[in-house]
Amino acid sequence: MFTFVDNVLLRPLPFPEPDRLVALFSVPANDAPFPWVSMGNWWDWDHANRTLASSALYSEEPRDVTVASDQGAFTAPGVTVYGDFFETLRPSMLAGRGPGASAVAGDPTMVVVSEAFWREQLDARPLSTGPTLELDGRVR
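For what it's worth, the working numbering labels the leading residue of the sequence shown as 315, then goes sequentially.
Pasting the structure below:
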């Protein structure tokens, strides 16, 4: 029980200024079990926004991607993000930088990996010299 309370209630979120983060949901008219926000609704909200410094949309359900590298092929969980995701959360990057909103929407080769993935699957190789990943049959 303490671990749950510590992780959920006591430990701060791993983002700068977590007190400035808000989550927006839509209320489904058909009593759907999950209050998803459609891409179209988010797009409208984002363009009409005069209050929030930035906004982002992400897929809450991880999707499995097939990853092929010189180490072989395997399946890994992935999440798709849109908008100012990295500017909004401002995660600290171990190497490089997070993509801007234009890169997320316009650069299909952009991939951000966790430190654990980098260490365990990519053998902590320098990112400046590669590696090249193939995700779902597309080279990134």
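We put the beta carbon where it would ideally sit given N, CA and C, even for glycine.
Just so you know, these numbers come straight off a predicted model, no measurement behind them.
TRP397 - containing alpha helix (DSSP H), residue span: The sequence as given places Gly at residue 397; Trp does not occur at that position. Here GLY397 belongs to no alpha helix (DSSP H); instead the beta strand (DSSP E) covers 395 to 397.
How far does the beta strand (DSSP E) with ALA430 in it extend, from its first residue to its last? First-last for ALA430: 429 to 435, but that is the alpha helix (DSSP H), not the beta strand (DSSP E).
What are the partner residues of ARG377, as DSSP defines its beta bridges? GLY392
Buried or exposed: which applies to PHE400, given that a residue is buried once 16 or more other Cβ atoms fall within 10 Å of its Cβ? buried
Inter-residue Cα distance where the pair is ASN344 and GLY386: 45 Å
With a threshold of 6 Å on Cβ separation, who are the neighbours of LEU403 within its own chain once the five nearest residues in sequence on each side are excluded? PHE329
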